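Trainee: Before anything else, here's the structure in question.
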Amino acid sequence: MSAAALSLLPSSSPHLLFPPSSSSSSSSSSFVLGGTHLRTHKSFASLHSWSPSSSSSTTSSWKFNTKRRVGIVFAASGDYYATLGVPKSASSKEIKTAYRRLARQYHPDVNKQPGATEKFKEISAAYEVLSDDKKRALYDQYGEAGVKSTVGGSSSAYTTNPFDLFETFFGPSMGGFGGMDAGFGTRRRSTVTKGEDIRYDITLEFSEAIFGVEKEFELSHLETCEVCTGTGGKIGSKMRICSTCGGRGQVMRTEQTPFGLFSQVSVCPNCGGDGEVISEYCRKCSGEGRVRVKKNIKVKVPPGVSTGSILRVAREGDAGPRGGPPGDLYVYLDVEEIEGIQRDGINLSSTVSICYLDAILGAVVKVNTVEGIATLQIPPGTQPGDILVLAKKGAPKLNKPSIRGDHIFTIKVTIPNRISATERELLEELALLNNTTTRRSRTRPKVQPANNIEPEVGMVGEKRDEGEDQNDPWKKLKDFAGSVANGALKWLRDNL
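The sequence shown begins at 1 in full-length UniProt numbering and counts up by one.
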């Protein structure tokens with residue numbers, strides 16, 4: 001996921017960001033006056049001046065090119081040796097070991113405590129000076145002034161982004177240098193880009209979706225390189241100003257149109273808006289700042305999920321570029337169907353087939369539920385389409401497992417196409433007990449209806465057509481068992 005933002009063009013004339021203060025009682029002070037930058041700190045003072053170069057190219061003609069000078073303000077930091085926790089006599093190996101230990105401890109992706117990011121940048125700045133023999137010698141002899149004697153030139157001690165360094169001490173609201181953009185000749189991207197989100201699909205069994213389960217799977221994603229901590233550059237190497245944008249992080253394209261000159265500002269395609277490019281790449285990540293690794297992920301699926309449910313696992317997506325925070329992992333669930341059970345929200349439904357005798361007399365039948373085999377009581381006189389319910393045998397409500405639905409059963413009565421001679425005799429006796437006096441033949445009349453006279457069933461007539469009423473089995477049942485056995489004998493004689 002990415003977002004594009006438009007930036008306004010810089011003003012055509014410089015302005016003073018830090019006006020001189022009339023009075024100050026702090027031990028360290030800085031102010032800008034005219035074209036010089038005077039910096040005082042305890043027992044030493046240093047005077048610096050800097051002038052941006054002009055350019056006549058199309059893409060950089062909008063840079064500030066007047067002869068006025070503007071100063072860059074630095075904040076005094078603490079003892080670099082104390083920052084790394086090593087003595088002044090420490091060897092290069094001891095300094096490197098201390099840096100690796102502290103960098104991993106305070107890396108923003110690992111340490112979420114307040115101030116961890118600032119501490120991480122201080123550690124990087126200290127190592128950057130003490131790991132270089134020349135810079136360390138200047139620091140030991142002149143202190144901080146020795147390594148910051150030239151601002152903006154090639155001899156600067158800092159290879160990290162000065163905007164990030166400035167933001168570390170003065171807060172993110174001034175990280176972009178505001179009106180100092182024109183004088184410094186750069187407008188680098190100060191925001192951290194979040195990594196991409198990842199989608200992963202999981203198929204669950206029906207029972208797993210009902211009761212919940214813990215799933216483990218292997219995920220391939222990008223993680224921040226441990227060697228370069230996401231910068232993409234070799235430790236100790238210098239960043240160089242992007243030659244495409246001149247360190248601004250943006251490029252301008254100007255076109256002549258019938259309405260005049262049209263200018264469009266866009267992110268530099270070479271540095272991606274950073275204003276700097278890597279001079280020497282990290283060997284492990286080849287300058288990407290991220291490496292692809294495989295990781296086992298465990299996900300707890302709560303009870304009551306269904307097809308289409310999405311689980312979010314924070315910070316398990318791809319790591320962001322240049323040490324940015326990782327994205328999230330989204331797990332999409334698909335639930336397999338089970339034969340004989342349908343789901344509607346938290347309720348489950350099934351169809352139960354019983355014979356006509358069980359419907360008349362009542363019975364206890366076994367049914368399938370999500371908890372296994374259960375018994376269902378069929379009351380006497382049950383009709384087709386009747387509903388029977390097993391309470392709290394359905395699915396739990398998502399995020400509220402104490403609330404559970406029901407399992408609803410719809411009754412289906414089956415009628416046999418053929419019965420044995422013994423069964424027929426018993427049914428005939430049952431019909432006699434119900435005082436069914438009319439004994440019909442095996443043939444059924446086909447009556448021609450008279451005017452306004454409905455045909456009377458039971459009169460002697462033509463032989464019954466084969467297949468008549470065969471598609472209405474419940475009508476057959478009503479003919480011989482409407483009230484236990486009423487009409488049963490008539491139906492048997494006509495149909496068996």
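Even for Gly, the Cβ is constructed at its ideal location relative to N, Cα and C.
Computed from a predicted structure; not experimentally measured.
I'd like the span of the alpha helix (DSSP H) that includes F120, first residue to last.
Mentor: A116 to L130
Trainee: Would the beta-carbon of residue 498 fall within 8 Å of that of A103?
Mentor: No statement about residue 498 is possible, as the shown extent of the chain runs from 1 to 496 and does not include it.
Trainee: Which residue from Y127, R404, I354 and E144 puts its Cα closest to that of V370?
Mentor: R404
Trainee: From what residue to what residue does the alpha helix (DSSP H) around K135 run?
Mentor: Its alpha helix (DSSP H) spans residues D133 to Y142.
Trainee: Out of L376, A125, S124 and I310, state which residue places its alpha-carbon closest to the alpha-carbon of S353.
Mentor: L376
Trainee: Say whether the region 287–300 touches the region 227–243, bearing in mind that this needs 3 or more beta-carbon pairs closer than 8 Å, one atom from each stretch.
Mentor: yes
Trainee: When you compare only the Cα positions, how much space is there between R240 and S91?
Mentor: Looking at the backbone, the Cα of R240 and that of S91 are separated by about 28 Å.
Trainee: For C285, which residues in the same chain have their Cβ closer than 8 Å to its Cβ, ignoring the five residues on either side in sequence?
Mentor: C225, V227, C228, G232 and V291
Trainee: By the three-class DSSP mapping on this structure, what secondary structure does K201 have?
Mentor: Before going on, a small fix: residue 201 reads as Asp here, not Lys. In the structure shown, D201 sits in a strand (DSSP, three-state: E or B).
Trainee: Below 8 Å between beta carbons: does that hold for L204 and L333?
Mentor: yes
Trainee: Leaving out five residues on either side along the sequence, give the residues of the same chain with a beta carbon under 6 Å from the beta carbon of V457.
Mentor: Model confidence at V457 stands at a pLDDT of 39, short of 50, so the residue's coordinates are unreliable; what they give is reported in the following sentence. Nothing listed; no residue qualifies.
Trainee: Considering only the alpha carbon of each residue, which of V277, E276 and C245 lies closest to V265?
Mentor: The shortest C-alpha separation from V265 is found at C245.
Trainee: Is it buried or exposed, G247, if we count other Cβ atoms within 10 angstroms and call 16 or more buried?
Mentor: buried
Trainee: Express the C-alpha separation of R322 and R283 in angstroms, rounding to a whole number.
Mentor: 15 Å
Trainee: Restricting to Cα atoms, I'd like to know which of L329, I408, D318 and K300 is closest to V293.
Mentor: D318
Trainee: Return the CA-CA distance between S243 and S237, expressed in angstroms with no decimal places.
Mentor: 18 Å
Trainee: Who does H107 pair with in a DSSP beta bridge?
Mentor: Answer is none; H107 lacks a bridge partner.
Trainee: Buried or exposed for R101, going by 16 or more other Cβ atoms inside 10 Å?
Mentor: exposed
Trainee: Can the beta-carbon of I360 be found closer than 8 Å to that of G385?
Mentor: No; because the gap between Cβ atoms is not below 8 Å, this pair is not in contact.
Trainee: Please report how far the alpha carbon of G324 lies from the alpha carbon of A125, in whole angstroms.
Mentor: 19 Å
Trainee: What separation, rounded to the nearest whole angstrom, lies between the Cα atoms of N434 and I378?
Mentor: 24 Å
Trainee: Please state the DSSP three-state secondary structure of S91.
Mentor: coil
Trainee: Tell me which residue opens and which closes the beta strand (DSSP E) that E348 is part of.
Mentor: Reading the sequence as shown, one finds Leu at residue 348 and not Glu. Run containing L348: N347 to C355, per the beta strand (DSSP E) assignment.
Trainee: Tell me the start and end of each unbroken beta strand (DSSP E) in the region 284–308 that is at least 3 residues and wholly inside, in chain order.
Mentor: 290–301
Trainee: State the beta-bridge partners of F262 as determined by DSSP.
Mentor: E255
Trainee: Could you tell me which uninterrupted alpha helix (DSSP H) segments, each at least 4 residues in length, are contained entirely in the region 354–394, listed from first to last along the chain?
Mentor: 356–361
Trainee: Using 10 angstroms around the beta-carbon of E336, count the other beta-carbons present and answer buried if the total reaches 16, otherwise exposed.
Mentor: exposed
Trainee: Would A431 be called buried (16 or more neighbouring beta carbons within 10 Å of its own) or exposed?
Mentor: buried
Trainee: Does DSSP put L333 in a helix, in a strand, or in coil?
Mentor: In the three-state reduction of the DSSP assignment, L333 falls in the strand class.
Trainee: May I ask you to report which of helix, strand or coil DSSP gives K112?
Mentor: coil
Trainee: How about G273 and V267: do their beta carbons lie closer than 8 Å?
Mentor: In this structure, G273 lies near V267, with their beta-carbon atoms less than 8 Å apart.
Trainee: Across which residues does DSSP place E214 in a beta bridge pair?
Mentor: Paired residues: K300.
Trainee: Give me the Cα-Cα distance between L261 and I278, rounded to the nearest whole angstrom.
Mentor: 34 Å
Trainee: Looking only at its chain, what residues have a beta carbon closer than 6 Å to the beta carbon of T117, apart from the 5 residues adjacent to it on each side?
Mentor: Within the same chain, Cβ atoms closer than 6 Å to the Cβ of T117 are found at P108, the five residues on either side in sequence being excluded.
Trainee: Within the same chain, show all residues whose beta-carbon is closer than 7 Å to that of G394, passing over the 5 residues directly before and after it, in chain order.
Mentor: I346, N347, L348, R404, G405, D406 and H407
Trainee: Secondary structure at residue 575, three-state DSSP: helix, strand or coil?
Mentor: Any answer about residue 575 is impossible in this case: the structure gives the chain only from 1 up to 496.
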